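Residue numbers (our numbering): 121 to 257. What follows is a short report on a single structure.
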Amino acid sequence: MVPKLNEARELLRNYDQGDFHLLQGEIVSGIMGYFSRQFEPENEEYWAAAGMLHDIDLELYPEEHCAKCYELLREHVVDEQMIHSIVSHGYGRLDWVTVKPMVRPSKSLCDMDVGSIKKKFKKKEFAAGCCGEDILC
Ligand SMILES: [Fe+2]
C-alpha cells in the first residue's frame with residue numbers, strides 16, 4: 121500500500137513517541153511536499169508521506185537506522201517503491217551497509233578479500249535496506 125499522509129502519520133506514531141521525532145517527521149514531510157509541488161505536483165502526497173516516514177526506525181533502532189526501516193515498513197505492507205524512496209536517504213552511510221570497514225583492524229576497504237564480499241553479497245542480510253543494484257553499479 122502507498123500510505124496517504126494521515127496514514128503515514130499514524131504509522132509513525134506507532135514507533136515514535138518523542139515530540140522531537142514526530143515534529144521532525146512533520147517538518148520533513150512539509151519540506152518534501154513543498155518541493156514536490158514545485159517539481160512533481162501530481163505526487164505531492166506520496167513525497168509528503170515518504171518524508172513523514174523517513175526516520176520511522178530512528179527512535180527505537182538508532183543503530184540500525186534505515187536498515188530497520190525497511191523491515192518495519194514491509195511489516196505494514198508499504199509499497200516497495202516507497203520503501204526504496206525512504207531508505208535511500210541513508211544511501212552511502214557505512215554504518216547501515218553491512219560492509220563495515222571501520223570495524224576491520226585496518227579500518228580500510230583496501231585489504232578486504234573480494235571473494236569474501238562476493239560470498240556475503242548472496243546472503244539476504246548483506247546490506248539489508250540497500251538496493252543490491254546500487255552496490256553493483
Ligand atoms: Fe534518517
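The beta carbon of each residue, even a glycine, is placed where N, CA and C say it ideally should be. Computed from a prediction, not measured in an experiment: that's the story for all the values here.
So, at 8 angstroms on beta carbons, what are the nonlocal neighbours of residue i in its own chain, with the 5 sequence-adjacent residues on each side left out?
i: serine 156; result: Asn163, Glu164, Tyr166, Trp167 and Ala168
i: valine 197; result: Met121
Using a 10 Å radius around the Cβ and a threshold of 16 neighbouring Cβ atoms, would you call residue i buried or exposed?
i: leucine 143; result: exposed
i: serine 149; result: buried
i: isoleucine 175; result: Note that residue 175 is aspartate in the sequence shown, not isoleucine. Buried is the call here.
i: lysine 188; result: buried
i: aspartate 136; result: buried
i: aspartate 233; result: exposed
For residue i versus residue j, is the C-beta spacing smaller than 8 angstroms?
i: glycine 138; j: glutamate 179; result: yes
i: leucine 125; j: glycine 145; result: no
i: alanine 128; j: leucine 173; result: yes
From residue i to residue j, what distance separates their C-alpha atoms?
i: glycine 210; j: isoleucine 203; result: 12 angstroms
i: glutamate 160; j: tyrosine 154; result: 10 angstroms
i: valine 207; j: glutamine 158; result: 23 angstroms
i: lysine 243; j: isoleucine 147; result: 36 angstroms
i: arginine 194; j: phenylalanine 140; result: 24 angstroms
i: serine 205; j: tyrosine 181; result: 19 angstroms
i: aspartate 130; j: aspartate 177; result: In the sequence as presented, aspartate is not what sits at residue 130; that position holds glutamate. Those two C-alpha atoms are separated by around 14 angstroms.
Suppose the cutoff is 7 angstroms on Cβ atoms and the five residues either side in sequence are ignored; what does the same chain contact list for residue i look like?
i: valine 122; result: Tyr166, Asp199 and Met202
i: glycine 235; result: none
Take residue i and list the residues in its own chain whose beta-carbon comes closer than 6 angstroms to its own, dropping the five residues that flank it on each side.
i: glycine 171; result: Val148, Ser149 and Met152
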